[in-house]
Amino acid sequence: MHDYLTTREVADYLRIKERRVYELVRQRAIPCSRVTGKWLFPRALVDQWVVANLEGERPAREPAPPVIAGSHDPLLEWAAKESGCGLALLPGGSLDGLQRLADGAARVAGLHLFDPDSGGFNVPAVRKRAALPDAVLLEWAWRRQGLVLPAGNPDGVAGLADLARLKLPVARRQAESGSGLLLSHLLGEAGLGEGDLVFVEETARSEMDLGLAILEGRGRAGFAVEAVARTLKLDFVPLMWERFDLLMGRRDYFEPSVQALMGFARSDDFAVRARRLGGYDIAGLGTVHDNAP
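All residue numbers for the sequence shown refer to our numbering, where the first residue is -9 and numbers rise by one.
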């Protein structure tokens, strides 16, 4: 069976009529996504939805592996190592992190998904995808995103329009990353599309990988956080601030590994590191932005 079910397939899977499926879609009661004009239903999220609506005593969920999936963050990577929390990082993009959390393949997902309708971050995507029936969304930090450029900015880049005008080779992130999605949005606001830029063939799998592509001359520009540019002594043109959150199950929040990470994040060493990296605001660390019923 496919990972994404059509309306007819999900009706057969749940043993209900297609008409009932459309009613559930209209009520926004079942996890789904409209792609190329038709509704698709992620099978893993449909399974989670069924379990979340069980009556009577629910079976205990198998513990997820000690993995932080989702988007890459330099400050999070450093804190995971320094805290000794035992959580391994598996960066693959925000949407990938949501899916891994839903599949039970990760304990935590790092997210920075911009919602153009509300102007906010992460909450609409989390509620739409229902990655966990007991998910809690905690703020990690606000980060400054922008253009990472060679040292000295030899091309005189001041914004996205210059990348298109000068036809500079642009390093890119994977399509399912929050950075990739945010760049597409900012291009649209500037009256541009991805077709107006010249992207290099290589795909950077993390913020630091993108910075290294610029440092090593494999690209003349890229979209990443300020901390990467400062670490690699590259130039940076800021474009906007974004909120980076951690999504996990409520039970997982109390696991020793997560508690070790969050405890370390409240230390003086962590605050000093955030200032040195640059482009971070950690004043709201730990704020709960969404708490599933």
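Even for Gly, the Cβ is constructed at its ideal location relative to N, Cα and C. Keep in mind it's a predicted model, so treat the numbers as computed, not measured.
- A distance below 8 Å between beta-carbons, with the five flanking residues on each side excluded, links residue 108 to the following residues of its chain, in chain order: 114.
- One Cα belongs to residue -6, the other to residue 31, and the distance between them is close to 5 Å.
- Looking at the backbone, the Cα of residue -3 and that of residue 118 are separated by about 17 Å.
- By the Cβ neighbour-count rule, residue 206 is exposed, with fewer than 16 other Cβ atoms within 10 Å of its own.
- The C-alpha of residue 104 lies about 11 Å from the C-alpha of residue 174.
- Annotation for residue 193: 162, 163 and 164 place their beta carbon closer than 8 Å to its own, counting only its chain and skipping 5 residues before and after.
- It is roughly 14 Å from the alpha-carbon of residue 5 to the alpha-carbon of residue 14.
- Taking a 10 Å sphere around the C-beta of residue 156, we find fewer than 16 other C-beta atoms and assign the residue as exposed.
- Here the region 253 to 269 lies against the region 60 to 75, with 3 or more beta-carbon pairs under 8 Å apart.
- In its chain, beyond the 5 residues on either side, 63, 102, 130, 131 and 133 have a beta carbon closer than 6 Å to the beta carbon of residue 234.
- In the DSSP assignment, residue 215 falls outside any alpha helix (DSSP H) and lies within the beta strand (DSSP E) extending over 211 to 215.
- For residue 157, no beta strand (DSSP E) run applies, since DSSP gives it neither H nor E.
- Here residue 147 carries a coil assignment [DSSP, helix/strand/coil].
- Nearest neighbour of residue 244 by Cα position, chosen from 269, 147 and 125, turns out to be 125.
- A distance below 8 Å separates the beta carbons of residue 187 and residue 154.
- Per DSSP, residue 28 is one residue of the beta strand (DSSP E) stretching across 28 to 32.
- Where residue 260 is concerned, the enclosing alpha helix (DSSP H) starts and stops at 258 to 267.
- In its chain, beyond the 5 residues on either side, 225 have a beta carbon closer than 7 Å to the beta carbon of residue 143.
- Distance between residue 250 and residue 241, taken at the CA atoms: about 15 Å.
- Rounded to whole angstroms, residue 223 and residue 202 show a C-alpha spacing of 11 Å.
- Classified as exposed, residue 10 has fewer than 16 neighbouring CB atoms from the shown chains inside 10 Å of its CB.
- The Cβ atoms of residue 210 and residue 158 lie closer than 8 Å to each other.
- For the pair residue 136 and residue 216, the CB atoms are nearer than the 8 Å cut-off.
- The beta carbon of residue 52 lies closer than 7 Å to those of 94 in the same chain, with the five residues before and after it left out.
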